[in-house]
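S.K.:
Residue numbers (this note's numbering): 232 to 480.
(1) Please list, in chain order, all residues of the same chain as residue 319 whose beta carbon is under 6 Å from its beta carbon, the five residues on each side excluded.
(2) Sorted by chain position, which residues of the same chain lie with C-beta nearer than 6 Å to residue 466's C-beta, five sequence neighbours on each side aside?
(3) My output table needs one value for residue 322: the three-state DSSP class, helix, strand or coil.
(4) Which residue marks the beginning of the beta strand (DSSP E) containing residue 430, and which one marks its end?
(5) Rounded to whole angstroms, what's the CA-CA distance from residue 433 to residue 472? Just pull it up for me.
(6) Drop a sphere of 10 angstroms on the beta-carbon of residue 406, count the other beta-carbons inside from all chains shown, and report buried for 16 or more, exposed for fewer.
(7) Just how far apart, CA to CA, sit residue 424 and residue 431?
(8) When burial is assigned at 16 or more other CB atoms within 10 Å of the CB, is residue 245 buried or exposed?
(9) With distances taken from CA atoms, which of 449, 240 and 402 is nearest residue 370?
(10) Across which residues does DSSP place residue 413 in a beta bridge pair?
(11) In the DSSP assignment, find the beta strand (DSSP E) that holds residue 455 and state where it starts and stops.
(12) With burial defined as no fewer than 16 other Cβ atoms inside 10 Å of the residue's Cβ, what is the status of residue 374: buried or exposed?
(13) Excluding five sequence neighbours on each side, which residues of the same chain lie with their C-beta closer than 6 Å to the C-beta of residue 239?
(14) I need the boundaries of the beta strand (DSSP E) containing residue 380, first residue and last residue.
Here it is as structure tokens:
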């Protein structure tokens with residue numbers, strides 16, 4: 232009987248120990264600063280571990296130990312190479328050098344010459360050149376030679392008060408004709424004549440009776456009529472001096 236009492240006392244003591252141990256071990260164990268629990272001896276099994284949810288952090292109140300969440304290493308994005316600007320060759324514009332065209336100035340007209348000859352029948356001038364004849368001056372011209380038929384003209388910037396006397400070969404004492412204006416051109420003096428049977432020079436004497444100097448020119452066209460039968464005659468024109476005309480057949 233006593234032994235039974237002893238056994239009952241031991242059972243009760245054991246139950247009391249278990250109840251006391253359970254009370255002691257029921258509080259939350261202390262944790263490390265980083266949230267890990269102290270390792271205390273216990274007879275309670277560890278709860279079943281579960282993974283954390285997205286955005287959920289671990290805490291001691293969760294049932295189970297945390298499962299490390301593996302954060303996938305992001306795959307680096309390979310950027311495409313920056314576009315390379317096309318290389319554009321600079322536009323080369325050829326420089327065209329235009330050579331200046333030389334301006335050709337027309338030659339200045341030759342000024343009228345002052346007769347260096349023509350002062351006498353012994354040194355007559357040749358026709359065809361513009362000259363300057365002073366007021367009151369005269370100049371001799373050779374207008375033909377031998378048996379010729381001639382057309383002689385006197386042009387001047389002032390034709391009025393200009394005279395042109397014609398002298399046959401060897402007849403210097405008196406002119407055989409005078410230059411006159413004609414209906415086809417009143418701006419010049421003209422004389423037409425000649426003789427087939429003549430030897431020597433035909434002469435013209437030009438005189439300026441103006442108060443100023445005059446620019447003038449004597450021209451003559453002569454053709455040979457020495458092998459023709461010619462005859463001449465005198466003619467008085469406008470009441471002036473008689474003019475000797477020659478007609479050849």
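Quick reminder that beta carbons are idealized off the backbone N, C-alpha and C, glycines included.
Predicted, not measured: the structure shown is a model, and the values here were computed from it.
M.R.: Reading off the structure:
(1) Within the same chain, no Cβ atom closer than 6 Å to the Cβ of residue 319 is found once the five residues on either side in sequence are excluded.
(2) Once the five neighbours on either side are set aside, the close Cβ partners of residue 466 are 474 and 476.
(3) The three-state reading of DSSP puts residue 322 in coil, since its state is none of H, G, I, E or B.
(4) Unbroken run through residue 430: none, as it is neither H nor E.
(5) Each residue's Cα considered, the two are about 19 Å apart.
(6) That one is buried.
(7) Going from the Cα of residue 424 to the Cα of residue 431 covers about 15 Å.
(8) Classification for residue 245: exposed.
(9) The residue with the shortest Cα to Cα distance from residue 370 is 449.
(10) Under DSSP, the beta-bridge partners assigned to residue 413 are 416.
(11) Residues 445-455.
(12) Around the Cβ of residue 374, a 10 Å sphere holds 16 or more other Cβ atoms; the residue is buried.
(13) Within its own chain, no residue has a Cβ closer than 6 Å to the Cβ of residue 239 once the five positions on either side in sequence are excluded.
(14) 379-387 is the extent of the beta strand (DSSP E) around residue 380.
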